[in-house]
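A.B. asks: Can you read through this structure? Questions will come right after.
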Amino acid sequence: MGEPGPGMKKITHLLTTDEKAKEINFSGKHYGTFAEIGAGQEVARWFFQAGGAAGTVAKSMSAYDMTFSNAIYGTAHRFVSRERLREMLDHEYELLLERLGQERGDRSRFFVFADTVAARSHKFTGDGKGWMGIRFQTQPNCPPGNIVIHVRLKDDTNAEQMEVLGILGVNLVHAAFTHWRRPPEILNRLMDGIRPGRVEVDMVDFRGPMFQGVDNRLMSLRMVHSNLTPVALFSATGANLEAEDSFYGKSILLLRGHYRPITQFHLRMMERASAIFRNDPANKGKEIVEVNEITMRNLVRHRKAGMEDFLDRVDCMGALKKTVLVTGIFRFHRLAQYLTQRTKGSLGFVIGVPLLSKMLDEHFYNDLPGGIMEAMGRLFLPGVKLLVYPGYDPVDGKFVTGHTLKVPEPIREIHEYLVRRGKIVNLNATEKDLPPCSSSEILRNIRSGRPGWQENVPTPVVKLIQRRRLFGYHAPKRSK
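As structure tokens, this is what we get:
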């Protein structure tokens, strides 16, 4: 279960929610505030219910009314937002130090737990969502650290969403106090006592002196790998992003790859697709987000390379200012469903002819009750298109486009229908525009020191690979 925090007993079994609250209450070390908006005071309730709350709770409050909330925390543009959560943590922590610092500062580890949530109600019947965080000390009088998460509540009733929020909050508080030396274990403990499918935690951010060695990109990868969330999104700077906030109201252009490393061909595919996608009347006036996606299947396929290999890929895309999406969603129809739930904009998948051929293979969908018909219906939702880069037909080796690809009966009629409806769009390219070598060959040359790979990789990425010796880079031997 990991090393216990100061004043906490080492545990050898999985604690219940009540036991976690009770353990914190009777440790006598942690003292602070619970501030909750939007789904009751479910987290604080567990601590009061467990008994001994006077040893932990300095204050519990809930500023439901917007006027009250603005008066306390400052005017907010959005009440369920990361900014509002930060304002709550800032304000309540300052009050703790101001009012109790002199009295208890030498013997208490101060903390503030806060959440701001939109749960299901008679007006809002979708998934609940919100921000939750804790600011806490690991020793008296030491600088605090922060853990912030974004959650989606999947239950069908308000009562169930409130209940699971309370359990999740207790898990976060207990894990922060108990496992702060091992951040991955904090993620492992978030779902204790929660049935799979009730909650998604799709963003996490560790900050503070005790988390200086934490790479939040790796924490994102762990969340997807642990099924806390199907996706993790982060910026070129490595900052973790929340998908719904990042995609809301925008159109998305997505290119999937393993990116070992990102190549000139990847950039060319995205450039050609972007030119067509941006000229689509459906995208007029809309902001377009270009995303490079890596699936967990691509990561697991190269699992021997480990986490460093993953960071190498992300750093290379960061050198080109690319937004990176890591997903546990292999099938495009499932990815389309996930993304279209988070934006009303268009969605374009940039693919090559070989992948299109696989997507039109009915055997690929034997696990679906409705087979390929079900898959196509779930993929081609309103606003979803495939933008296809030409290439060689996997069967006869001829150069073909997304429209001229030979598709066997009876799937040919489906293909022709999708072409007529504008769901399969050709990208402008000739045979000369195809890459002279494969990505795997480029990687082999990087590792062997064989020259020539630099011509197929963007210059900023070449420099980064050489400077930091990424992907097992081996410098070529100088001739005498």
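Under numbering that gives the first Met the number 0, the first residue of the sequence shown carries the number 0, and numbering increases by one thereafter. Using N, Cα and C, we set each Cβ at its ideal position, and we do this for glycine too. Just so we're clear, the structure is a prediction, and the values are computed from it rather than from any experiment.
I believe Y247 touches R103 by the beta-carbon criterion, under 8 Å. Please report the beta-carbon distance rounded to the nearest angstrom.
C.D. replies: About 42 Å; that fails the 8 Å criterion.
A.B. asks: Which value, in whole angstroms, describes the spacing of the CA atoms of A174 and I146?
C.D. replies: 10 Å
A.B. asks: For D201, tell me which candidate among K405, V461, L252, V325 has the shortest Cα-Cα distance.
C.D. replies: In terms of Cα proximity to D201, the closest of K405, V461, L252, V325 is V325.
A.B. asks: What do you get for A34, buried or exposed, if any count of 16 or more other CB atoms within 10 angstroms of its CB means buried?
C.D. replies: Residue burial annotation: A34 is buried, with at least 16 other C-beta atoms found within 10 angstroms of its C-beta.
A.B. asks: Please name the residue, chosen from E199, L385, L186, N24, that lies closest to P353 on a Cα-to-Cα basis.
C.D. replies: L385
A.B. asks: My output table needs one value for F109: the three-state DSSP class, helix, strand or coil.
C.D. replies: strand
A.B. asks: Rounded to whole angstroms, how far is the Cβ of A113 from the Cβ of L88, which I believe are closer than 8 Å?
C.D. replies: 5 Å
A.B. asks: Assign L338 to one of three DSSP states: helix, strand, or coil.
C.D. replies: helix
A.B. asks: Can you list the alpha helix (DSSP H) stretches of 4 or more residues lying completely in the segment 397–469, in chain order?
C.D. replies: 410–419, 438–447, 458–467
A.B. asks: Output needed for M222: all residues of its chain with C-beta closer than 7 Å, excluding positions within five of it in sequence on either side, in chain order.
C.D. replies: Counting only residues of its own chain and dropping the five nearest sequence neighbours on each side, M222 has a CB closer than 7 Å to the CB of L186, V200, V203, T228, A231.
A.B. asks: Please state whether the Cβ-Cβ distance between I464 and N455 is less than 7 Å.
C.D. replies: no
A.B. asks: DSSP three-state call for K479: helix, strand or coil?
C.D. replies: Because K479 sits at a pLDDT of 49, beneath the cut-off of 50, its placement in the model cannot be relied upon, and the following sentence gives the value as read from the coordinates. It is coil, neither helix nor strand.
A.B. asks: When you compare the CB of E292 with every CB in chain C, is at least one pair closer than 7 Å?
C.D. replies: The structure shown contains no chain C, having only a single protein chain.
A.B. asks: Could you tell me the alpha carbon to alpha carbon distance between K462 and Q453, rounded to whole angstroms?
C.D. replies: 9 Å
A.B. asks: Is the beta carbon of K320 closer than 7 Å to that of A235?
C.D. replies: yes
A.B. asks: Can you give me the start and stop residues for the alpha helix (DSSP H) that T16 sits inside?
C.D. replies: Where T16 is concerned, the enclosing alpha helix (DSSP H) stretches over 16–24.
A.B. asks: So who's on the other strand from R134, going by DSSP bridges?
C.D. replies: Note: R134 sits in a beta bridge opposite V111, N145.
A.B. asks: For the candidate residues L338, L171, P280, A318, whose alpha-carbon lies nearest to that of L245?
C.D. replies: Note that residue 245 corresponds to Ser in the displayed sequence, not to Leu. The shortest CA-to-CA distance from S245 to any of L338, L171, P280, A318 is the one to L338.
A.B. asks: If L310 sits next to R216, beta carbons under 8 Å apart, how far is it from one beta carbon to the other, in whole angstroms?
C.D. replies: The C-beta distance from L310 to R216 rounds to 7 Å, short enough to fall under 8 Å.
A.B. asks: Using only CA atoms, which one of V313, V399, A52, E82 lies nearest to G351?
C.D. replies: Residue V399 is the option with its Cα nearest to G351.
A.B. asks: Going straight from the alpha carbon of Q160 to that of T15, what length do you get?
C.D. replies: 18 Å
A.B. asks: Are the beta-carbon atoms belonging to L254 and M269 less than 7 Å from one another?
C.D. replies: yes
A.B. asks: Using C-beta distances below 8 Å, list every residue in its chain close to G1, excluding the 5 sequence neighbours before and after it, in chain order.
C.D. replies: The predicted model places G1 with a pLDDT of 43, which falls under 50 and marks its position as unreliable; any figure quoted below should be read in that light. Closer than 8 Å at Cβ, skipping near neighbours: T177, H178, R180, R181, E184.
A.B. asks: Straight-line CA distance for N278 to T294?
C.D. replies: 28 Å
A.B. asks: Taking the alpha-carbon of E289 as reference, which of G327, P457, K249 has the nearest alpha-carbon?
C.D. replies: K249
A.B. asks: Could you name the residues that DSSP lists as bridge partners for H257?
C.D. replies: Answer is none; H257 lacks a bridge partner.
A.B. asks: Is the beta carbon of S26 closer than 7 Å to that of Q40?
C.D. replies: For Q40 and S26, no; Cβs fall outside 7 Å.
A.B. asks: Measure the C-alpha to C-alpha separation of H414 and C436 and round it to an integer number of angstroms.
C.D. replies: 29 Å
A.B. asks: Between N24 and L171, what straight-line distance do the alpha-carbon atoms span, to the nearest angstrom?
C.D. replies: 15 Å
A.B. asks: With DSSP collapsed to three states, give me the class of M0.
C.D. replies: In this prediction, M0 has a pLDDT of 43, which is less than 50 and means its spatial position is unreliable; what the coordinates show is noted afterwards. In this structure, M0 counts as coil in the three-state DSSP scheme.
A.B. asks: By how many angstroms is the C-alpha of G165 removed from the C-alpha of P139?
C.D. replies: 27 Å
A.B. asks: Could you pull the start and end residues of the beta strand (DSSP E) that V480 belongs to?
C.D. replies: In the structure as shown, the chain begins at 0 and stops at 479. Residue 480 is therefore absent and cannot be evaluated.
A.B. asks: According to DSSP, simplified to helix, strand and coil, what is H76?
C.D. replies: Here H76 sits in coil by DSSP.
A.B. asks: Beta-carbon separation of G382 and S345 under 7 Å?
C.D. replies: yes
A.B. asks: Could you tell me the boundaries of the beta strand (DSSP E) in which T177 lies?
C.D. replies: Where T177 is concerned, there is no enclosing beta strand (DSSP E), although the alpha helix (DSSP H) it sits in stretches over 157–178.
A.B. asks: Give the DSSP-derived three-state secondary structure of N291 in the structure shown.
C.D. replies: strand
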